[in-house]
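Student:
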Amino acid sequence: MQNKLSPRCPTLLVLLLFWIFGTSSTQMAEASTFVGNGGSLLDSDLRRTLETIKRAVQASLKSSAPCVCTVASEQCQLLETLNEAQDNYCHAMVQKVGRPLLSLLAEKSQLRFVWTDETLTDRKGKRSFDAIAQPKDKQILIDTERFAKVSEAARVQLISHELLHMVVIEGSNMSDDGPHGPFSGDDGGRQLLDTLGAVYASLAIDQGILSRKVSSLSHPARSFYLFGGGGSGQIETALARSLLLGREETVNVFGGQWFVEPGSRWGLGLTHRQQRINETSVFTRSFQRSSWDVSAIYRLRPLDVESEFWSRLQWQFQGGVSHSWIRYSMKDSYQELVSETKAIGILAESRILLPLTYNFWVYMSSAAELAPFRLKEFEIASKTWHTQTIFGAAYAFSF
Ligand SMILES: [Zn+2]
Numbered sequence: 010m011q012n013k014l015s016p017r018c019p020t021l022l023v024l025l026l027f028w029i030f031g032t033s034s035t036q037m038a039e040a041s042t043f044v045g046n047g048g049s050l051l052d053s054d055l056r057r058t059l060e061t062i063k064r065a066v067q068a069s070l071k072s073s074a075p076c077v078c079t080v081a082s083e084q085c086q087l088l089e090t091l092n093e094a095q096d097n098y099c100h101a102m103v104q105k106v107g108r109p110l111l112s113l114l115a116e117k118s119q120l121r122f123v124w125t126d127e128t129l130t131d132r133k134g135k136r137s138f139d140a141i142a143q144p145k146d147k148q149i150l151i152d153t154e155r156f157a158k159v160s161e162a163a164r165v166q167l168i169s170h171e172l173l174h175m176v177v178i179e180g181s182n183m184s185d186d187g188p189h190g191p192f193s194g195d196d197g198g199r200q201l202l203d204t205l206g207a208v209y210a211s212l213a214i215d216q217g218i219l220s221r222k223v224s225s226l227s228h229p230a231r232s233f234y235l236f237g238g239g240g241s242g243q244i245e246t247a248l249a250r251s252l253l254l255g256r257e258e259t260v261n262v263f264g265g266q267w268f269v270e271p272g273s274r275w276g277l278g279l280t281h282r283q284q285r286i287n288e289t290s291v292f293t294r295s296f297q298r299s300s301w302d303v304s305a306i307y308r309l310r311p312l313d314v315e316s317e318f319w320s321r322l323q324w325q326f327q328g329g330v331s332h333s334w335i336r337y338s339m340k341d342s343y344q345e346l347v348s349e350t351k352a353i354g355i356l357a358e359s360r361i362l363l364p365l366t367y368n369f370w371v372y373m374s375s376a377a378e379l380a381p382f383r384l385k386e387f388e389i390a391s392k393t394w395h396t397q398t399i400f401g402a403a404y405a406f407s408f
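Everything in the sequence shown is counted per our numbering, starting at 10 for the first residue and increasing by one.
#1: Expressed to the nearest angstrom, what Euclidean distance is found between the alpha-carbon atoms of S299 and Q148?
#2: Would you call the CB atoms of S295 and I306 closer than 9 Å?
#3: Quick check: W319 and L362, are their CB atoms within less than 9 Å of each other?
#4: What's the gap between the Cα of D126 and the Cα of R274?
#5: Does at least one heavy atom of ligand 1 sit under 8 Å from the Cβ of L202?
#6: From the DSSP output, in three-state form, read off G255 for me.
#7: Could you check whether the Cβ of H170 sits closer than 8 Å to any heavy atom belonging to ligand 1?
#8: Determine the direct distance from the alpha carbon of E83 to that of V159, and round the result to whole angstroms.
#9: I need the straight-line Cα distance from R336 to A230, nearest angstrom please.
#10: Can you say whether T90 is buried or exposed, counting buried as having 16 or more other CB atoms within 10 angstroms of its CB?
#11: May I ask you to list the residues that DSSP assigns as paired with W267?
#12: If you reduce the DSSP assignment to three classes, tell me which class R310 lands in.
#13: Is H189 close to ligand 2? I mean its beta-carbon at under 8 Å from any heavy atom of the ligand.
#14: F406 to G240, Cα distance in whole Å?
#15: With a CB to CB cut of under 8 Å and the five nearest residues on each side skipped, what residues in its chain are close to E345?
#16: At a threshold of 8 Å, does A207 count as lining ligand 1 (C-beta to nearest heavy atom)?
#17: Looking at ligand 1, does it come within less than 8 Å of A210, judged from the CB to the closest heavy atom?
#18: Leaving out five residues before and five after L129 in sequence, what residues of the same chain have Cβ atoms less than 8 Å from its Cβ?
#19: What I want to know is whether the C-beta of A163 ends up closer than 8 Å to one or more non-hydrogen atoms of ligand 1.
#20: DSSP puts I335 in a beta bridge; with which residues?
#21: Note down the Cα distance separating G206 from E116, rounded to an integer number of angstroms.
#22: Is the Cβ-Cβ distance between S72 and L212 less than 9 Å?
#23: Given the structure, does H332 come close to ligand 1, in the sense that its CB is under 8 Å from one of the ligand's heavy atoms?
#24: Check the C-beta distance from L111 over to V66 and give it rounded, since I have them as a contact under 8 Å.
#25: Report the partner residues of M373 according to the DSSP bridge assignment.
#26: Relative to the alpha-carbon of E288, which residue among R310, D313, L252, V223 has its alpha-carbon at the smallest distance?
#27: Is I389 helix, strand or coil when you go by DSSP?
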């Protein structure tokens, strides 16, 4: 009895998780301020970045020398190039923009963040950007691929820069163009905003808001996944009885997934499955299925929590069509009876991926497949759903 029940439990568990996560993430999506291409897998990273900026701005208002570099980082290198006049000006600006930035961050609902996979350029198309602020529309466009690739400190610098464009100083929004105090030249404004962004990133590291180490924990926002794994499946009782076999089959899978861009929620998957049950007593019975399936995938990060590990947990749901080859044989020392057939089916799969490091993942999945077939020679037919539980590993990458 227990043997029959156990492989079904993970299926139920996954369905339950699906329901809980699905409900809570819908609520989160409704509460979120992000408007993008149907929501991005990077939304929770952006929320993290905004929270980090808020805490860094608070720290900057208390700091006596915010523009002086205290810890080694990519952003600190920029601060080290400041001359004395620029350092003083930077300090004064930090005091000036702090409060407006905090009130901007407190009323996030007035801001829109839009993910885009188009290359962002200036009006002349001369220069490309990782993000662009549109103060009139209270909107910030972010290049999904760039955001996915850079470190958390670089994200803080980038988004701070864009948020500063929303800040009004002496009647106008801060601009990239023209000189700004000792930040001279046509590019002075941009240099100042980059510098202020570097101040917040450095302070975040200095204050322990961001880790000093760049995280090597696998990030879910990637375009391609390769995976392989194994587990067990259950065929229907009536079929098992006709085949003179037990219900449990061993399953091996491998496959790949493709998402249009690293932050996309929707993707396509291709999976190969090999299933078999063999038993020998008096004579040998062997039941084998080999299939390919193509599926549409929807993925999300259900846990919007502070823990870096749990916030990266990824949940995928996929549904698609399968094509399988089925072979059944009965053999003793004298002869072998074989029957082969093909089947077209549908399947649904739910998968939870846990991050390891360097883009490796472990996963658990539960699948159900309906692919009716008939083995003419033996008068055996399959009519109902078969289930599978798989444990495996995956590697994710983007170009
Ligand atoms: Zn700018």
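Backbone N, C-alpha and C fix where the C-beta goes; we use that ideal spot for every residue, glycine too.
Tutor: The structure says:
#1: Residue mapping note: residue 299 aligns to position 290 of the sequence shown, counting from 1. Residue mapping note: residue 148 aligns to position 139 of the sequence shown, counting from 1. Approximately 51 Å between the Cα atoms of the pair.
#2: The residue you call residue 295 lines up with position 286 of the sequence shown. The residue you call residue 306 lines up with position 297 of the sequence shown. It is not a contact, given that the beta carbons lie outside the stated cut-off.
#3: By one-based count along the sequence shown, residue 319 stands at place 310. By one-based count along the sequence shown, residue 362 stands at place 353. Cβ distance not < 9 Å, so W319 and L362 don't count as in contact.
#4: Your numbering for residue 126 matches position 117 in the sequence shown. Your numbering for residue 274 matches position 265 in the sequence shown. C-alpha separation (whole angstroms): 14 Å.
#5: In the sequence shown, the residue the question calls residue 202 occupies position 193. Yes, ligand 1 has a heavy atom inside 8 Å of this Cβ.
#6: To locate residue 255, count along the sequence shown from 1; it is residue 246. Three-state result, G255: coil.
#7: Within the sequence shown, the letter at position 161 stands for residue 170. It does: the Cβ of H170 is within 8 Å (strictly closer) of some heavy atom of ligand 1.
#8: To locate residue 159, count along the sequence shown from 1; it is residue 150. To locate residue 83, count along the sequence shown from 1; it is residue 74. Those two C-alpha atoms are separated by around 11 Å.
#9: Within the sequence shown, residue 336 is the residue found at index 327, counting from 1. Within the sequence shown, residue 230 is the residue found at index 221, counting from 1. When rounded, the distance between both Cα atoms is 40 Å.
#10: Locating residue 90 in the sequence shown gives position 81, counting from the first residue. By the neighbour-count rule (16 or more Cβ atoms within 10 Å), T90 is not buried but exposed.
#11: Start at 1 with the first residue of the sequence shown, and residue 267 comes out as number 258. Answer by DSSP bridge pairing, in chain order: F233, L277.
#12: Numbered from 1 along the sequence shown, position 301 holds the residue referred to as residue 310. Note: R310 maps to coil in three-state DSSP.
#13: Of the ligands this structure carries, namely ligand 1, none is ligand 2.
#14: For the purposes of this step, residue 406 is taken as residue 397 along the sequence shown, with counting starting at 1. For the purposes of this step, residue 240 is taken as residue 231 along the sequence shown, with counting starting at 1. Looking at the two C-alpha atoms, the distance is approximately 25 Å.
#15: Here residue 345 refers to the residue found at position 336 of the sequence shown. These residues qualify, in order along the chain: S338, M339.
#16: Working through the sequence shown from its first residue, we reach residue 207 at position 198. Outside the cutoff, so no.
#17: If you number the sequence shown from 1, residue 210 lands on position 201. The answer is no for A210.
#18: For this step, residue 129 is matched to residue 120 along the sequence shown. Hits under 8 Å: S137, F138, D139, A140, I141, L150, D152.
#19: Counting from one through the sequence shown, the residue named residue 163 turns up at place 154. The answer is no for A163.
#20: Taking the sequence shown and counting its residues from 1, one reaches residue 335 at position 326. According to DSSP, which records beta bridges pairwise, I335 is partnered with R298, T350.
#21: Looking up residue 206 in the sequence shown gives position 197. Looking up residue 116 in the sequence shown gives position 107. Whole-angstrom Cα-Cα distance: 20 Å.
#22: As a position in the sequence shown, residue 72 is number 63, starting the count at 1. As a position in the sequence shown, residue 212 is number 203, starting the count at 1. For S72 and L212, yes; Cβs fall inside 9 Å.
#23: The residue you call residue 332 lines up with position 323 of the sequence shown. Not so, every heavy atom of ligand 1 lies at least 8 Å from the Cβ.
#24: For the purposes of this step, residue 111 is taken as the residue at position 102 of the sequence shown. For the purposes of this step, residue 66 is taken as the residue at position 57 of the sequence shown. About 6 Å; that satisfies the 8 Å criterion.
#25: Residue numbering aside, residue 373 sits at position 364 when the sequence shown is read from its first letter. Beta-bridge pairing links M373 to I361, F400.
#26: Here residue 288 corresponds to residue number 279 of the sequence shown, with the count starting at 1. Nearest C-alpha to E288: L252.
#27: What you label residue 389 is simply residue 380 of the sequence shown in a count that begins at 1. I389 falls in the strand class under three-state DSSP.
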